[in-house]
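Chains as they are written, first to last, in this note's numbering: chain A, 114 to 245; chain B, 150 to 447.
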Amino acid sequence: MNMLSGFAISQADGRPMYRQVMEQIKQRIAIGDWQPEQKIPSIREFAVALRVSVITIKRAYMELERDGVIVTMQGKGCFVAADPNLGTRLHGQELDEHLVEAARLAVLAGLELEDLLDLLREAYERIPRSPT
Amino acid sequence: MTDLAFSLRGVTKHYPHFDLRDLELDLIRGQVLGFIGPNGAGKSTTLRIMMGLVHHDEGRVEVLGHPIPAEQIQAKKRVGFAGEDLRLYSHATLAWHMAFVRRIFPSWDDAYARELVKRFDLRADQKVKGLSHGQRVKAALLLVLARRPELLLLDEPTTGLDPVARREVLGELTAVLADEERTILFSSHNTRDVEQLSDRIAFLDRGRLIEFDDKESFLDRWRRIRLQRSSGDEPLDVPGLLDVEGGGRLVTAITDRWGGSLRRDLTRAGTTVQTVEPLTLEEIFVARLATHREEAVA
């Protein structure tokens with residue numbers, strides 16, 4: 114299967130393009146489409162497939178490498194990192210970012226912690242879950 | 150052999166009503182430079198100087214290692230230029246044009262040319278006079294691309310194209326870059342195209358280069374900040390803030406030097422940063438032009 118099919122940059126998304134690319138790569142790794150230690154497309158292949166500039170993908174790869182999500186081996190190319198707990202770690206990181214954002218908005222709106230917790234509980238209950 | 154696809158050093162060109170002044174511009178092979186500026190900024194003049202179609206008054210120009218205009222003939226064999234006047238003969242067909250260009254340029258790739266006819270949704274047996282504007286633009290681009298030039302100089306390649314044609318053209322331009330040695334300089338006032346395709350960005354206004362940077366570092370520097378002030382009595386005076394709006398305790402400002410030191414300056418000035426948002430290239434373009442013109446007046 115083509116590793117790059119399904120990647121897309123949204124013009125309506127306010128975030129920088131390299132962030133969109135990072136997020137989509139993390140998703141693929143989190144759900145296991147991209148396996149640990151698997152070779153991933155070169156920066157240039159990626160850029161051509163997504164029709165974005167080389168520097169955008171380079172930036173996304175650099176940040177992912179800094180976060181320990183991917184590794185670059187000189188002369189061999191780029192790979193998904195070997196860490197087996199990657200999926201959970203990525204989710205944890207993303208969840209943390211959203212929680213901080215929610216807390217910030219709550220403070221802006223003058224909500225107490227208790228109010229925020231109530232809202233979170235409600236939101237949690239609204240998410241459909243498959244029976245286990 | 151140099152790693153630069155081209156370089157312009159201190160290039161100046163005087164016209165009765167317009168001056169291009171002290172232009173410093175270069176590009177590493179394999180990169181894409183998006184050249185942005187309002188109408189009349191000097192973008193086309195710059196491209197024409199690089200092609201030897203217009204001679205500069207001062208400065209040095211090199212294209213693929215050839216000094217211009219002295220060695221323009223050697224350079225032109227390896228450069229593909231698509232200007233605003235498309236130079237197509239209205240009574241001839243696209244196939245005639247393809248045969249014509251093939252005779253002149255040994256690098257012509259006929260299989261690729263035929264592939265492009267299909268991908269651009271054109272018909273080789275159609276006469277140019279029967280083509281729409283979008284089809285003419287694509288035809289002209291096809292004639293340049295099929296030569297597989299090392300350097301593409303494209304003046305407004307997406308202007309006047311419908312969304313489908315624009316997508317086809319942008320797709321072909323990125324495909325060019327699969328080959329690491331090939332370089333593109335394209336001018337546009339469509340900031341969205343530039344934001345998507347470019348590795349580097351140059352802003353030109355009124356014959357002056359006002360910004361020239363990596364796209365990512367460039368976008369990183371610019372932010373819209375919403376601030377809350379402890380008191381709204383005096384005007385907010387922090388260096389690095391452009392376009393400050395809102396007179397009370399809530400202020401929105403744009404900055405071109407976002408980072409830790411600005412954050413510290415803002416705290417010192419008694420403000421709390423509420424939100425920090427990235428800007429699109431279009432927003433930056435508008436803000437940057439406004440400050441450049443204020444500086445020019447001052």
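By construction, the Cβ of each residue, glycine as well, lies at the ideal position given by its N, Cα and C atoms.
In whole angstroms, give me the CA-to-CA distance for residue 178 of chain B and residue 305 of chain B.
Here residue 178 of chain B refers to the residue found at position 29 of the second sequence. Here residue 305 of chain B refers to the residue found at position 156 of the second sequence. Spanning the two alpha carbons is a distance of roughly 21 Å.
Considering Cα atoms alone, identify which of B:330, B:345, B:337 and B:309 is closest to residue 320 of chain B.
Along the second sequence, read from residue 1 onward, the residue named residue 320 of chain B stands at position 171. The candidate whose alpha carbon is nearest that of residue 320 of chain B is B:345.
Report the residues of the region 161 to 175 of chain A with a CB closer than 9 Å to any CB of chain B, ordered along the chain.
161, 162, 163, 164, 165, 166, 167, 168, 169, 171 and 172
Does the distance from the C-beta atom of residue 374 of chain B to that of residue 364 of chain B stay below 8 Å?
To locate residue 374 of chain B, count along the second sequence from 1; it is residue 225. To locate residue 364 of chain B, count along the second sequence from 1; it is residue 215. No; because the gap between Cβ atoms is not below 8 Å, this pair is not in contact.
Cβ of residue 162 of chain B within 8 Å of Cβ of residue 205 of chain B?
Here the question's residue 162 of chain B lines up with position 13 in the second sequence. Here the question's residue 205 of chain B lines up with position 56 in the second sequence. A contact, by the Cβ cut-off of 8 Å.
Just mark residue 317 of chain B as buried or exposed, buried being the case when its beta carbon has 16 or more other beta carbons within 10 Å.
As a position in the second sequence, residue 317 of chain B is number 168, starting the count at 1. When all chains shown are included, residue 317 of chain B counts as buried.
Could you tell me whether the Cβ atoms of residue 372 of chain B and residue 425 of chain B are closer together than 8 Å?
The residue labelled residue 372 of chain B in the question sits at position 223 within the second sequence. The residue labelled residue 425 of chain B in the question sits at position 276 within the second sequence. For residue 372 of chain B and residue 425 of chain B, yes; Cβs fall inside 8 Å.
Against chain A, with Cβ distances strictly below 8 Å, would residue 298 of chain B count as a contact?
Locating residue 298 of chain B in the second sequence gives position 149, counting from the first residue. No, residue 298 of chain B does not count as interfacial toward chain A.
Does the contact criterion of 3 or more C-beta pairs under 8 Å hold for the region 284 to 291 of chain B versus the region 235 to 251 of chain B?
yes
Return no unless some Cβ of chain B is closer than 8 Å to the Cβ of residue 237 of chain A.
On the first sequence, position 124 is the one that residue 237 of chain A refers to. No, because no Cβ of chain B sits closer than 8 Å to the Cβ of residue 237 of chain A.
Closer than 8 Å to chain A by CB, residue 327 of chain B
Position 178 of the second sequence, counted from the first residue, corresponds to residue 327 of chain B. Taking Cβ atoms only, chain A reaches closer than 8 Å to residue 327 of chain B, which makes this a yes.
To which residues does DSSP link residue 152 of chain A through a beta bridge?
Position 39 of the first sequence, counting from 1, holds the residue named residue 152 of chain A. BP columns for residue 152 of chain A point to A:192.
Using only the alpha-carbon positions, how far apart do residue 223 of chain A and residue 379 of chain B sit?
Here residue 223 of chain A corresponds to residue number 110 of the first sequence, with the count starting at 1. Here residue 379 of chain B corresponds to residue number 230 of the second sequence, with the count starting at 1. Rounded to the nearest whole angstrom, the C-alpha separation of residue 223 of chain A and residue 379 of chain B is 17 Å.
Using a Cβ cut-off of 8 Å (strictly closer), state whether residue 346 of chain B contacts chain A.
Taking the second sequence and counting its residues from 1, one reaches residue 346 of chain B at position 197. Nearest CB-CB separation between residue 346 of chain B and chain A: below the 8 Å threshold.
Beta carbon of residue 332 of chain B nearer than 8 Å to that of residue 299 of chain B:
Indexing the second sequence from 1 puts residue 332 of chain B at position 183. Indexing the second sequence from 1 puts residue 299 of chain B at position 150. A contact, by the Cβ cut-off of 8 Å.
Among B:340, B:341, B:290 and B:308, which residue has its Cα nearest to the Cα of residue 325 of chain B?
In the second sequence, the residue the question calls residue 325 of chain B occupies position 176. Looking at the Cα atoms, B:290 is the closest of the given residues.
In terms of residue numbering, what span does the beta strand (DSSP E) encompassing residue 211 of chain B cover?
Your numbering for residue 211 of chain B matches position 62 in the second sequence. Residue 211 of chain B -> beta strand (DSSP E) spans 207 to 212.
Rounded Cβ spacing between residue 159 of chain B and residue 173 of chain B (contact assumed at less than 8 Å):
Counted from its first residue, the second sequence places residue 159 of chain B at position 10. Counted from its first residue, the second sequence places residue 173 of chain B at position 24. Contact flag correct, Cβ pair sits at about 7 Å.
Go through its chain and collect everything with a Cβ distance to residue 303 of chain B's Cβ below 6 Å, but skip five positions before and after it.
Numbered from 1 along the second sequence, position 154 holds the residue referred to as residue 303 of chain B. Counting only Cβ-Cβ distances below 6 Å, and skipping sequence neighbours, we find 231 and 335.
Exposed or buried, which one is residue 126 of chain A when buried takes at least 16 other CB atoms within 10 Å?
Residue 126 of chain A sits at position 13 when you count from the first residue of the first sequence. Residue 126 of chain A is exposed by the Cβ-count criterion.
Relative to the ligand HEM, is the shortest distance from any of its heavy atoms to the C-beta of residue 389 of chain B smaller than 7 Å?
In the structure on display, the ligand HEM does not appear, and there are no ligands present to speak of.
Same chain, Cβ closer than 8 Å to residue 166 of chain A, five either side skipped, listed in chain order
As a first step, residue 166 of chain A is located in the first sequence; it is residue number 53 there, counting from the start. Excluding residues within five positions, the ones whose Cβ falls inside 8 Å are 160.
For residue 365 of chain B, report the span of its alpha helix (DSSP H) as first-last.
Here residue 365 of chain B refers to the residue found at position 216 of the second sequence. It spans 364 to 370 - the alpha helix (DSSP H) in which residue 365 of chain B sits, taken as one unbroken run.
Per the contact definition of three or more C-beta pairs closer than 8 Å, is the region 415 to 434 of chain B in contact with the region 382 to 392 of chain B?
yes
Which residue comes first and which comes last in the alpha helix (DSSP H) that contains residue 169 of chain A?
Taking the first residue of the first sequence as position 1, residue 169 of chain A is located at position 56. Taken as a continuous stretch (DSSP letters only), the alpha helix (DSSP H) holding residue 169 of chain A covers 167 to 179.
Beta-carbon proximity of residue 152 of chain A to residue 192 of chain A, cut-off 8 Å:
As a working mapping, residue 152 of chain A is identified with position 39 in the first sequence. As a working mapping, residue 192 of chain A is identified with position 79 in the first sequence. Taking 8 Å as the Cβ cut-off, residue 152 of chain A and residue 192 of chain A qualify as a contacting pair.
With 16 as the cutoff for other CB atoms within 10 Å, does residue 163 of chain A come out buried or exposed?
As a position in the first sequence, residue 163 of chain A is number 50, starting the count at 1. So residue 163 of chain A counts as buried.
Using DSSP with H/G/I as helix, E/B as strand and the rest coil, what is residue 441 of chain B?
On the second sequence, position 292 is the one that residue 441 of chain B refers to. In this structure, residue 441 of chain B counts as helix in the three-state DSSP scheme.
Contact under 8 Å by Cβ, residue 155 of chain B with residue 200 of chain B
Residue numbering aside, residue 155 of chain B sits at position 6 when the second sequence is read from its first letter. Residue numbering aside, residue 200 of chain B sits at position 51 when the second sequence is read from its first letter. Not closer than 8 Å, so no.
Closer than 7 Å at the beta carbon, the chain B residues around residue 124 of chain A
Stepping through the first sequence from its first residue, residue 124 of chain A is reached at position 11. Within 7 Å Cβ-Cβ: 341.
Using a Cβ-Cβ cutoff of 7 Å, what residues of the region 189 to 207 of chain B are near chain A? List them in chain order.
none
Which of helix, strand or coil DSSP assigns to residue 254 of chain B:
Taking the second sequence and counting its residues from 1, the one referred to as residue 254 of chain B is at position 105. If DSSP states are grouped into helix, strand and coil, residue 254 of chain B belongs with coil.
Quick one: which unbroken alpha helix (DSSP H) runs of 4-plus residues sit fully inside the region 277 to 365 of chain B? Chain order, please.
282 to 294, 312 to 325 and 340 to 346
Look up residue 238 of chain B in the DSSP assignment and say whether it is helix, strand or coil.
What you label residue 238 of chain B is simply residue 89 of the second sequence in a count that begins at 1. If DSSP states are grouped into helix, strand and coil, residue 238 of chain B belongs with coil.
Alpha carbon of residue 171 of chain B to alpha carbon of residue 357 of chain B, nearest angstrom:
What you label residue 171 of chain B is simply residue 22 of the second sequence in a count that begins at 1. What you label residue 357 of chain B is simply residue 208 of the second sequence in a count that begins at 1. Answer to the nearest angstrom: the Cα atoms are 7 Å apart.
Determine, for residue 364 of chain B, whether the minimum Cβ-Cβ distance to residues of chain E falls below 8 Å.
This model lacks chain E altogether, as its protein chains are A and B.
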